[in-house]
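So the sequence lines, in the order shown, correspond to chains V and A.
Residues 1311 to 1423 in the working numbering are what the first sequence lists, from first letter to last.
Residues 101 to 212 in the working numbering are what the second sequence lists, from first letter to last.
Positions of the beta carbon are idealized from the N, C-alpha and C atoms, including for glycine.
Quick notes on the structure that follows.
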Amino acid sequence: SQTIHQWPATLVQPVGSPLSLECTVEGTSNPNLYWYRQAAGRGLQLLFYSVGIGQISSEVPQNLSASRPQDRQFILSSKKLLLSDSGFYLCAWSVTGGNTEAFFGQGTRLTVV
Amino acid sequence: TQLLEQSPQFLSIQEGENLTVYCNSSSVFSSLQWYRQEPGEGPVLLVTVVTGGEVKKLKRLTFQFGDARKDSSLHITAAQPGDTGLYLCAGTASGGSYIPTFGRGTSLIVHP
């Protein structure tokens, strides 16, 4: 069966510090991978998606970047965090060419102080 | 402009009551998913509907896809405190990209 791991679960970082959130998927090959941000328990804002190794599409220009160094690894990064980067970050995967059912990680609560 | 509009945004009810939440769009969707999310966790997929008029049941939850595939509803019978959470609909518009678009969700609280 497929599983998705996202870590850490919570993170408190000072303004100006770097960020690296990691997500890995097991039990499937060539998944579509996504990073979302969710504010205040509401809808999901798509930040980045990837259809393959090294292929990253950005939906919203901001202080973040994403990378996919391996087929089942997706990383969200920032060189210098802003207060406005605080939020709940979710990684997800879906089957390539499927009906877009998405399967989510547990999420990372990021607080920038 | 939100592609998927969910209503109501908030719902607070007593245990045992019935409720319906809605997901509407002006676009036709090739498929539509419903998720439930509990605080501090990722959304969990409940169901996918793909055929216009389709009805799916998951215990006390009934999901319906509109005949024109532009809207969907989720009906919960005899709600329980364990049903508390954020209900999200998502889908991809026909002829659009494969990337799922999410509604803003309906936050449900069921009081014991």
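What residues in its chain sit with their C-beta under 7 Å from that of V:Q1416, if we drop five residues either side in the sequence? Working through the first sequence from its first residue, we reach residue 1416 of chain V at position 106. Closer than 7 Å at Cβ, skipping near neighbours: Q1316 and A1319.
Helix, strand or coil, according to DSSP, for V:L1393 in the structure here? Walking along the first sequence from the start, residue 1393 of chain V turns up at place 83. Here V:L1393 sits in helix by DSSP.
Bridge partners of V:R1382, per DSSP? To locate residue 1382 of chain V, count along the first sequence from 1; it is residue 72. Per DSSP, none; premise fails for V:R1382.
Of all the CB atoms in chain A, is at least one closer than 7 Å to the CB of V:E1336? Residue numbering aside, residue 1336 of chain V sits at position 26 when the first sequence is read from its first letter. Closer than 7 Å: no.
In the DSSP assignment, find the unbroken beta strand (DSSP E) run with V:T1334 in it and report its ends. As a first step, residue 1334 of chain V must be located in the first sequence, where it is residue number 24. V:T1334: member of the beta strand (DSSP E) spanning L1329 to E1336, first to last residue.
Three or more C-beta pairs under 8 Å: does that hold for the region 173-183 of chain A against the region 110-126 of chain A? yes
Euclidean distance between Cα positions of A:T206 and V:K1389: By one-based count along the second sequence, residue 206 of chain A stands at place 106. By one-based count along the first sequence, residue 1389 of chain V stands at place 79. Looking at the two C-alpha atoms, the distance is approximately 35 Å.
C-alpha distance - V:A1412 paired with V:W1403, whole-angstrom precision: Mapped onto the first sequence, residue 1412 of chain V falls at position 102. Mapped onto the first sequence, residue 1403 of chain V falls at position 93. Distance between V:A1412 and V:W1403, taken at the CA atoms: about 6 Å.
Establish whether the CB of V:Q1416 and some CB of chain A are separated by less than 7 Å. The count along the first sequence starts at 1 and reaches residue 1416 of chain V at position 106. So, interface residue.
Enclosing beta strand (DSSP E) for A:I176 [first to last residue]: As a first step, residue 176 of chain A is located in the second sequence; it is residue number 76 there, counting from the start. Element bounds for A:I176: D171 to I176.
Would a check of beta-carbon distances place V:T1410 closer than 7 Å to chain A? On the first sequence, position 100 is the one that residue 1410 of chain V refers to. Taking CB atoms only, V:T1410 has a neighbour in chain A less than 7 Å away.
Would you report the Cα separation of V:W1345 and A:Q137, rounded to the nearest angstrom? Working through the first sequence from its first residue, we reach residue 1345 of chain V at position 35. Working through the second sequence from its first residue, we reach residue 137 of chain A at position 37. Looking at the two C-alpha atoms, the distance is approximately 16 Å.
Can you list, in chain order, the residues of its chain with a C-beta nearer than 7 Å to that of A:G185? Leave out the 5 residues immediately preceding and following it. For this step, residue 185 of chain A is matched to residue 85 along the second sequence. These residues qualify, in order along the chain: R136, Q137, E138 and L208.
Excluding the five sequence neighbours on either side, which residues of its own chain have a C-beta within less than 7 Å of the C-beta of V:L1391, listed in chain order? For the purposes of this step, residue 1391 of chain V is taken as the residue at position 81 of the first sequence. Within the same chain, V:L1391 has close Cβ partners Q1323, V1325, G1326, S1327, L1329 and V1422.
Please list the terminal residues of the continuous beta strand (DSSP E) segment that includes A:T120. The residue given as residue 120 of chain A occupies position 20 in the second sequence. First-last of the beta strand (DSSP E) with A:T120: L119 to N124.
Buried or exposed (CB count within 10 angstroms, at least 16 for buried), A:R160: The sequence position of residue 160 of chain A within the second sequence is 60, counting from 1. When all chains shown are included, A:R160 counts as exposed.
In the DSSP output, which residue or residues are listed as bridge partners for V:L1354? On the first sequence, position 44 is the one that residue 1354 of chain V refers to. Looking at the DSSP assignment, V:L1354 forms a beta bridge with V:Q1348.
Measuring only the C-alpha atoms, how far is A:V210 from A:Q180? Start at 1 with the first residue of the second sequence, and residue 210 of chain A comes out as number 110. Start at 1 with the first residue of the second sequence, and residue 180 of chain A comes out as number 80. A:V210 and A:Q180: Cα-Cα distance of roughly 6 Å.
Would you say V:Y1399 faces chain A, with C-beta separation under 7 Å as the test? What you label residue 1399 of chain V is simply residue 89 of the first sequence in a count that begins at 1. Taking Cβ atoms only, chain A never reaches closer than 7 Å to V:Y1399, which makes this a no.
Sorted by chain position, which residues of the same chain lie with C-beta nearer than 6 Å to V:S1368's C-beta, five sequence neighbours on each side aside? As a working mapping, residue 1368 of chain V is identified with position 58 in the first sequence. Correct list, in chain order: F1358.
List the residues of chain A that V:F1358 touches, going by C-beta distances under 7 Å, in chain order. Locating residue 1358 of chain V in the first sequence gives position 48, counting from the first residue. Neighbours of V:F1358 on chain A: none; closest Cβ ~11 Å, over 7 Å.
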